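Enquirer: Going down the list, the protein sequences come from chains A and B. Counting the first sequence from 1 gives a position; the numbering used here is that position plus 15. Counting the second sequence from 1 gives a position; the numbering used here is that position plus 2.
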Amino acid sequence: MGAARYLSISRISFRSRTAYIMDVLAGSFFYALILFVFVQLWTTLAGSGHFAIEGLGARELVWYMVVTEGIMLGRARIEQETDEEVKTGSIAYLIGRPCHYVLFKFAVYWGDTLLRLIINVAVGSLVALIAVGPPRFDQAHLLQVVVSAVLAFSLNFFMVMCISLAAFWVEDTMPFRWIYSKLLFILGGLFAPMEVYPAAVARLARALPFSYMLYAPARLFVQYDTALFWRIVVAQVGWIAVMAGLTFGLYGLGVKRINVNGG
Amino acid sequence: MARGKARAGRIGFGEAVSFVCAHFKFNLASAMEYRWSFASQIVLMAVNDFMLLFFWWLIFSRVPDIAGWTFRDVITMQSVVALAFGLNVSVFGNLHRIPQLIARGQLDYYLLLPKDPLLHMLVSRSDMSGFGDMAFGIAAFMMFTPVSWQRIILFLATGLAAATVYASFVTVAGSLAFLMGNAQTVGAQLAQAMVTFSGYPGSLFKGAVRALLYSAIPVGFFAYVPVELLRNFSWLLFAGLMAFAACSAIAARALFRAGLRRYESGNLMTVRA
């Protein structure tokens, strides 16, 4: 019964997003643009003869970016809305509903993300197919990649919620969101896989949650390895447990600070 | 009616500068009321920009150049672009909201006052994160590229020219709302394209794309020509950049004024306190 309620919320979120399909397609324009720029970059570097990473040529690097940027731009942007709900106090109306606020946001997030993801997969695949040809990917591993991507999106949700719920204590969470997006960019491996990084930076990135949102599913897509898959899934589930615990903890502390004055 | 108002809105350069400064001082004082927000936006935007250099450091630790562009060239480009972009969002904070203001009929307020409506609209808002961009641009240029008085002056001059090119392009893109009604998506995409292409070496783009980047989407004048000037100065190229910036500003203002003739006032009541 409980799960069905949240599934309904996701479905409504998905359908309401389809009403703004042009907005979603506009986001895909930027996705296609950035892929085009990186096609130029990776093919130029590969052609120079100086830039070689074992097993990863221009084709793999472009498909790697199809996955990382697909996740980065495909994730629903709930942070601004959550931040405003907390700052304006409108959260008081939402917590009165017969569902948990955090789980409600999780359901909305997935409904919105799903549509963006479907469109991004189509646009990204088209650009990469035209530019560098099909990926060297065994379809037998598709399920594992999808599992890793689902966990990556879920981990992102809890990270973003932690940042947004900080609005209970600070005036503006936007600067934290910038830093979060840049940490995803650097330690998440948005533009380049960890194989390009110096060993110390790659070790640091693997010890933190960011690489499990972007690098992990993309690496499995371009170079699948069963042992790596299990290591990644264990780390993703572990980080989700930590961040979910933190999110519920922050929410519990935050709602005690809500003061409702007037109507 | 609008034509008459447009003529009335013409002001001299000196008057325009003092008008912009007065508005900026007011916006700054207003933003400083929220000190944490003000300070964190600036500091963290600068940190955010420095983090962008990490990717290029990774690439250039493996290759000496990308089709002729070195790490120093990329830092120079990022510095000029950050200075120009930061200047625009902190002084012309409404720049990216032009389509929205037109579509919602919110230009009425500016049309009723005796100042240039475009300039007045642009300066009516400030985004303080622009200071962080400017701080990054100046710091990165001073820290990672050779410094001399001539280069600093050239950096500031090319930064101003780049800011003018960017503001003009975004104004023209936003003015499409006079023709299309809702041009928020198109305007945002064109601005996004300008910023995206300005983050990567110009030598990556060839043929038709390169031609596009020096014409319809003038990233070349926004990001690549300043780098070329700071690498190998030439009076001819410098004059070309300045002329392009001046012409684009004149064209943007003229197009906006032409668009005003098609503007339809809204019945939305707004209060500016």
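We treat Cβ as the ideally placed atom computed from N, Cα and C, and that holds for glycine. As the structure is a prediction and not an experimental result, all values here were calculated from the model.
Distance cutoff 8 Å, beta carbons only. Does L48 of chain A sit that close to anything in chain B?
Expert: Along the first sequence, one-based indexing puts residue 48 of chain A at 33. Cβ-Cβ to chain B under 8 Å: yes for L48 of chain A.
Enquirer: One question on the structure: do Q191 of chain B and A41 of chain A come within less than 8 Å of each other, judged by their Cβ atoms?
Expert: The count along the second sequence starts at 1 and reaches residue 191 of chain B at position 189. The count along the first sequence starts at 1 and reaches residue 41 of chain A at position 26. Closer than 8 Å, so yes.
Enquirer: Since I believe Q251 of chain A is in contact with Y227 of chain A (beta carbons under 8 Å), could you give me their beta-carbon distance rounded to a whole number of angstroms?
Expert: On the first sequence, residue 227 of chain A is found 212 positions in, with the first residue counted as 1. On the first sequence, residue 251 of chain A is found 236 positions in, with the first residue counted as 1. About 5 Å; that satisfies the 8 Å criterion.
Enquirer: Can you tell me whether C177 of chain A is buried or exposed? The criterion is at least 16 other CB atoms within 10 Å of its CB, across all chains shown.
Expert: Start at 1 with the first residue of the first sequence, and residue 177 of chain A comes out as number 162. Label assigned to C177 of chain A: buried.
Enquirer: Ends of the alpha helix (DSSP H) at N90 of chain B?
Expert: Position 88 of the second sequence, counted from the first residue, corresponds to residue 90 of chain B. Where N90 of chain B is concerned, the enclosing alpha helix (DSSP H) stretches over F73 to V93.
Enquirer: For the stretch 97–115 of chain B and the stretch 201–221 of chain B, state whether three or more C-beta atom pairs, one from each stretch, are separated by less than 8 Å.
Expert: No, the stretch 97–115 of chain B is not in contact with the stretch 201–221 of chain B.
Enquirer: Compute the Euclidean distance between the alpha carbons of W59 of chain B and V237 of chain A, then round it to the nearest angstrom.
Expert: To locate residue 59 of chain B, count along the second sequence from 1; it is residue 57. To locate residue 237 of chain A, count along the first sequence from 1; it is residue 222. Looking at the two C-alpha atoms, the distance is approximately 24 Å.
Enquirer: Using CA atoms only, rank isn't needed, just tell me which of A:A137, A:A91, A:R112 and A:V175 is closest to R32 of chain A.
Expert: Numbered from 1 along the first sequence, position 17 holds the residue referred to as residue 32 of chain A. Taking only the C-alpha atoms, the option nearest R32 of chain A is A:A91.
Enquirer: Pick helix, strand or coil for I13 of chain B, following the three-state DSSP scheme.
Expert: By one-based count along the second sequence, residue 13 of chain B stands at place 11. Three-state DSSP puts I13 of chain B in coil, outside helix and strand.
Enquirer: Within its chain, find whatever has a CB closer than 6 Å to the CB of V83 of chain B; leave out the 5 residues flanking it on each side and keep chain order.
Expert: By one-based count along the second sequence, residue 83 of chain B stands at place 81. Hits under 6 Å: S200 and A225.
Enquirer: For I155 of chain B, name the three-state secondary structure that DSSP assigns.
Expert: Counting from 1 along the second sequence, the entry for residue 155 of chain B is found at position 153. Note: I155 of chain B maps to helix in three-state DSSP.
Enquirer: At a cut of 8 Å, does the stretch 136–153 of chain A reach the stretch 93–109 of chain A through at least three beta carbon pairs?
Expert: They do not touch, by the three-pair rule.
Enquirer: Considering L206 of chain B, what are the terminal residues of the alpha helix (DSSP H) in which it resides?
Expert: In the second sequence, residue 206 of chain B corresponds to position 204, counting from 1. Element bounds for L206 of chain B: n/a, residue is neither H nor E.
Enquirer: Are M79 of chain B and V229 of chain B close, meaning C-beta to C-beta below 8 Å?
Expert: Indexing the second sequence from 1 puts residue 79 of chain B at position 77. Indexing the second sequence from 1 puts residue 229 of chain B at position 227. In contact: M79 of chain B and V229 of chain B (Cβ atoms closer than 8 Å).
Enquirer: Could you name the residues of the stretch 47–76 of chain B whose beta carbon sits closer than 8 Å to any beta carbon of chain A, in the order they occur along the chain?
Expert: Answer set for the stretch 47–76 of chain B: M47, V49, N50, M53, L54, F56, F57, L60, I61, S63, R64, V65, P66, I68 and A69.
Enquirer: Hey, does E210 of chain A have any beta-carbon neighbour from chain B nearer than 8 Å?
Expert: Within the first sequence, residue 210 of chain A is the residue found at index 195, counting from 1. E210 of chain A does not count as touching chain B.
Enquirer: What are the boundary residues of the alpha helix (DSSP H) that N171 of chain A is part of?
Expert: Position 156 of the first sequence, counted from the first residue, corresponds to residue 171 of chain A. Here the alpha helix (DSSP H) through N171 of chain A covers L157 to L180.
Enquirer: I'd like to check one pair, A73 of chain A with W57 of chain A: are the Cβ atoms closer than 8 Å?
Expert: Numbered from its first residue, the first sequence carries residue 57 of chain A at position 42. Numbered from its first residue, the first sequence carries residue 73 of chain A at position 58. Yes.
Enquirer: By DSSP, does L71 of chain A sit in helix, in strand, or in coil?
Expert: Within the first sequence, residue 71 of chain A is the residue found at index 56, counting from 1. Here L71 of chain A sits in strand by DSSP.
Enquirer: Go ahead and label G80 of chain A buried or exposed: buried means 16 or more other beta carbons lie within 10 angstroms of its beta carbon, across all protein chains shown.
Expert: Position 65 of the first sequence, counted from the start, is the residue given in the question as residue 80 of chain A. According to the sequence as given, residue 80 of chain A is Met; it is not Gly. Buried.
Enquirer: At a Cβ cut of 8 Å, what residues of the stretch 26–38 of chain B count as close to chain A, listed as they run along the chain?
Expert: Going along the stretch 26–38 of chain B in chain order, one finds Y36 and W38 with a Cβ nearer than 8 Å to chain A.
Enquirer: Buried or exposed: where does N50 of chain B fall if 16 or more other Cβ atoms within 10 Å of its Cβ makes it buried?
Expert: Residue 50 of chain B sits at position 48 when you count from the first residue of the second sequence. Buried, because 16 or more other Cβ atoms sit within 10 Å of the Cβ of N50 of chain B.
Enquirer: From the DSSP secondary-structure annotation, give me the bridge partner or partners of I68 of chain B.
Expert: As a working note, residue 68 of chain B is residue 66 in the second sequence. Beta-bridge pairing links I68 of chain B to B:W71.
Enquirer: Which chain A residues are close to Q43 of chain B, counting only those with a beta carbon under 8 Å from its beta carbon?
Expert: Reading the second sequence from its first residue, position 41 is the one you call residue 43 of chain B. Result: D187, M189 and P190.
Enquirer: Look at G89 of chain A and R131 of chain A and say whether their C-beta atoms are less than 8 Å apart.
Expert: Locating residue 89 of chain A in the first sequence gives position 74, counting from the first residue. Locating residue 131 of chain A in the first sequence gives position 116, counting from the first residue. In contact: G89 of chain A and R131 of chain A (Cβ atoms closer than 8 Å).
Enquirer: From B:A253, B:A256, B:N234 and B:V227, pick the residue whose C-alpha is nearest to that of G242 of chain B; which is it?
Expert: Residue mapping note: residue 242 of chain B aligns to position 240 of the second sequence, counting from 1. Nearest C-alpha to G242 of chain B: B:V227.
Enquirer: Near K102 of chain A, what residues of its chain come up, given a Cβ to Cβ distance below 7 Å and the 5 sequence neighbours on each side ignored?
Expert: Position 87 of the first sequence, counting from 1, holds the residue named residue 102 of chain A. Correct list, in chain order: A182.
Enquirer: So L178 of chain B and G189 of chain B are supposed to be a Cβ contact under 8 Å. How far apart are they, rounded?
Expert: Here residue 178 of chain B refers to the residue found at position 176 when the second sequence is read from its first residue. Here residue 189 of chain B refers to the residue found at position 187 when the second sequence is read from its first residue. Right, their Cβ atoms sit about 6 Å apart.
Enquirer: Would you decide whether N234 of chain B is buried or exposed? Buried here means 16 or more other CB atoms lie within 10 Å of its CB.
Expert: For the purposes of this step, residue 234 of chain B is taken as residue 232 along the second sequence, with counting starting at 1. Flag for N234 of chain B reads exposed.
Enquirer: Please state whether the Cβ-Cβ distance between L231 of chain B and L156 of chain B is less than 8 Å.
Expert: Along the second sequence, read from residue 1 onward, the residue named residue 231 of chain B stands at position 229. Along the second sequence, read from residue 1 onward, the residue named residue 156 of chain B stands at position 154. The answer is yes: Cβ separation under 8 Å.
Enquirer: Can you name, in chain order, every residue of its own chain whose Cβ lies under 8 Å from the Cβ of A105 of chain B, other than the five neighbours on each side?
Expert: In the second sequence, the residue the question calls residue 105 of chain B occupies position 103. Excluding residues within five positions, the ones whose Cβ falls inside 8 Å are A179, G183, N184, A185 and Q186.
Enquirer: Return helix, strand or coil for D38 of chain A, following the three-state DSSP convention.
Expert: Start at 1 with the first residue of the first sequence, and residue 38 of chain A comes out as number 23. Helix, per DSSP.
Enquirer: Contact defined as beta carbons within less than 8 Å: I believe F173 of chain A pairs with I273 of chain A. What is the distance between those atoms, to the nearest angstrom?
Expert: Taking the first sequence and counting its residues from 1, one reaches residue 173 of chain A at position 158. Taking the first sequence and counting its residues from 1, one reaches residue 273 of chain A at position 258. Not really, about 21 Å apart at Cβ, beyond 8 Å.
Enquirer: Could you tell me whether any Cβ in chain B is nearer than 8 Å to the Cβ of A207 of chain A?
Expert: Here residue 207 of chain A refers to the residue found at position 192 of the first sequence. It does; some Cβ of chain B falls within 8 Å.
Enquirer: Between R199 of chain B and chain A, is there a C-beta pair that is closer than 8 Å?
Expert: Reading the second sequence from its first residue, position 197 is the one you call residue 199 of chain B. Looking at the sequence shown, residue 199 of chain B is not Arg but Phe. Yes, because at least one Cβ of chain A sits closer than 8 Å to the Cβ of F199 of chain B.
Enquirer: I'd like to know if the stretch 106–120 of chain B and the stretch 200–210 of chain B are in contact, where contact means that at least 3 CB-CB pairs between them fall below 8 Å.
Expert: Judged by Cβ distances under 8 Å, the stretch 106–120 of chain B makes no contact with the stretch 200–210 of chain B, as fewer than three pairs qualify.
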